[in-house]
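Data block below; observations after.
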Amino acid sequence: MKRNAIVIAVVVAAVALMLFAGVRMARPKAGTVKLQPLGKNGSVAPDFELKSLDGKQVRLSDYRGKAVLLNFWATWCAPCKIEMPWFVDLQKQYASQGLQVIGVAMDDSGDEAIAKFAREMGVNYPVLIGKESVGDAYGGVEFLPTTFFIDRQGKMVERVFGLVGHSDIEDNVKKALGPGASAAQASATPASAKEPAR
């Protein structure tokens, strides 16, 4: 009798472990992975059409002429929560130079849960409801967050798998904006901030 109880407990534990592993493997991974440069002459970013949280159909090509930070994320992704406030700040800081941040939610939490999460994070950029086919068009979104930096001509200049530092993200934004982004940013800095303290 005791032996049967042990066998049953082992079988239950093994089944639970397999179910847990299956669910985890089916989800994209969250974590930190190194930058994957694409070079200056990257390929054109695949166009797509997705529904935004406000119900509009949005195409990536609608933003041609702007530099785009395209971020694939999920509500359950801890590293995504770290970088989202950075994207909010970068959208404020570089919008006048032509930056557009776009978030693509790649989880099945439902539109309302995603919208609530975006509000709580103070998101000030479009959030689109992702589809696996769009992730596949970008080489498969195996890790979350995954971020693509797209220049004004629609070419990918950098991609990042996982979480990197704010300065790395900002450097990639400047690459996507093109020459003159740093100079324009410096001229936007108040004179009092440029002058050394006396």
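Taking the working numbering, the leading residue of the sequence shown gets 99, the next gets one more, and so forth.
Note that beta-carbon positions come from the ideal geometry of N, C-alpha and C, so glycine has one too.
How long is the line joining the alpha carbons of residue i and residue j, rounded to whole angstroms?
| i | j | result |
| --- | --- | --- |
| A172 | V225 | 11 Å |
| V221 | P183 | 8 Å |
| V199 | E210 | 21 Å |
| G163 | K273 | 14 Å |
| L158 | D266 | 23 Å |
| G237 | E218 | 30 Å |
| L167 | D160 | 14 Å |
| G252 | A165 | 8 Å |
| G137 | E268 | At G137 the pLDDT is 37, less than 50, meaning the model places this residue with poor confidence and gives no usable figure here. |
| V258 | H264 | 12 Å |
| A128 | K214 | Summary for A128: the model assigns pLDDT 43, below 50, so the residue's position carries little reliability; its value from the coordinates is reported in the next sentence. Computed Cα separation, rounded: 21 Å. |
| E230 | M204 | 8 Å |
| D310 | I212 | Here the chain has residues from 99 to 296 only, and residue 310 is not among them. |
| F185 | I248 | 15 Å |
| R250 | V156 | 17 Å |
| S194 | D234 | 32 Å |
| K154 | D206 | 19 Å |
What span of residues does the alpha helix (DSSP H) with residue i cover, start to end?
| i | result |
| --- | --- |
| G233 | E230 to A235 |
What is the DSSP secondary structure of residue i, reduced to helix, strand or coil?
| i | result |
| --- | --- |
| M182 | helix |
| Q251 | coil |
| K214 | helix |
| S265 | helix |
| V271 | helix |
| L136 | Any answer about L136 is weak, because its pLDDT of 42 lies below 50 and its placement is not dependable; what the coordinates show is given next. Note: L136 maps to coil in three-state DSSP. |
| A60 | Only positions 99 to 296 of the chain appear in this structure, which leaves residue 60 out of reach. |
| D209 | helix |
| P177 | helix |
Rounded to the nearest angstrom, how far is the Cβ of residue i from that of residue j, given a contact under 8 Å?
| i | j | result |
| --- | --- | --- |
| F146 | V232 | 5 Å |
| I180 | L275 | 23 Å between Cβ atoms; not a contact. |
| A176 | F246 | 21 Å between Cβ atoms; not a contact. |
| G140 | V239 | Rounded, the Cβ-Cβ distance is 17 Å, inconsistent with contact. |
| G201 | N169 | 5 Å |
| L228 | L148 | The question names Leu, but residue 228 is Gly in the sequence shown. With a Cβ gap of about 7 Å, G228 and L148 count as contacting. |
| Q191 | Y223 | Contact flag wrong, Cβ pair sits at about 12 Å. |
| C178 | P277 | Not quite, the Cβ-Cβ distance comes to about 31 Å (not below 8 Å), so this is no contact. |
How would you write the range of the beta strand (DSSP E) that residue i sits in, first residue to last?
| i | result |
| --- | --- |
| Q155 | Q155 to R157 |
| G201 | L197 to A203 |
| V225 | V225 to I227 |
Determine which residues share a DSSP beta bridge with residue i and list them.
| i | result |
| --- | --- |
| K190 | For K190, which the question treats as bridged, DSSP gives no partner whatsoever. |
| L148 | V156 |
| T244 | F170 and F259 |
| V142 | K253 |
When you measure from the CB of residue i to every non-hydrogen atom of the ligand ZN, does any distance come out below 7 Å?
| i | result |
| --- | --- |
| G201 | The model depicted lacks the ligand ZN and carries no ligand whatsoever. |
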